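Numbering (full-length UniProt numbering), first residue to last: 1 to 166.
See the structure below:
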């Protein structure tokens with residue numbers, strides 16, 4: 001899976017009225033401008049190669065809406081999904097299966113411990129270290145962009161850095 005970082009969305013500087021895709025109530029220029037490492041919204045599912053990816057409420061996953069911006073892109077075929085940056089139609093990362101989401105959560109738990117213990121809660125420094133340890137660009141070093149194998153690798157390098165405390 002290859003991730004292309006597109007930079008800030010040009011709609012953030014547009015003078016035109018922004019049209020929010022259904023079911024979103026709006027899209028904010030200010031929120032679009034905050035997303036520096038934007039990736040394109042999914043049109044196909046990289047988990048199953050399905051073409052039935054829809055923007056919908058996260059209630060379709062959890063049974064009720066969660067969060068202030070309760071929307072996801074979800075594959076109708078395999079159920080993989082990804083959340084959105086608040087007040088935008090931009091994905092937080094790449095679509096993931098339940099197994100990949102669990103691997104991301106497990107790795108991020110270790111990363112947060114490492115950030116606290118080794119980087120004095122300096123997330124920028126911790127992410128820079130993780131990107132270097134994984135051999136990836138800092139712009140794509142986000143747990144939401146990790147596949148299952150990459151999340152497992154992130155967990156392994158964090159665990160090794162934590163040593164016996166992991």
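For each residue, glycine too, the CB sits at the ideal point set by N, CA and C. Only a predicted model underlies this, so the values are computations on that prediction, with no experimental measurement involved.
query	result
Using 10 angstroms around the beta-carbon of residue 74, count the other beta-carbons present and answer buried if the total reaches 16, otherwise exposed.	buried
Assuming residue 90 and residue 69 make a contact with CB atoms under 8 Å, what is their CB distance in whole Å?	The pair is not a contact, with the Cβ atoms about 11 Å apart (cut-off 8 Å).
Are the stretch 47-55 and the stretch 103-119 touching by the rule of at least three beta carbon pairs closer than 8 Å?	no
Would you kindly report the start and end of the unbroken beta strand (DSSP E) that includes residue 73?	71-75
The alpha helix (DSSP H) spanning residue 62 covers which residue range?	59-62
Excluding sequence positions up to five away, which residues of its chain have a Cβ less than 8 Å from the Cβ of residue 5?	37, 38, 39, 137, 139 and 140
Candidates 104, 157 and 128: which alpha carbon is nearest residue 148's?	104
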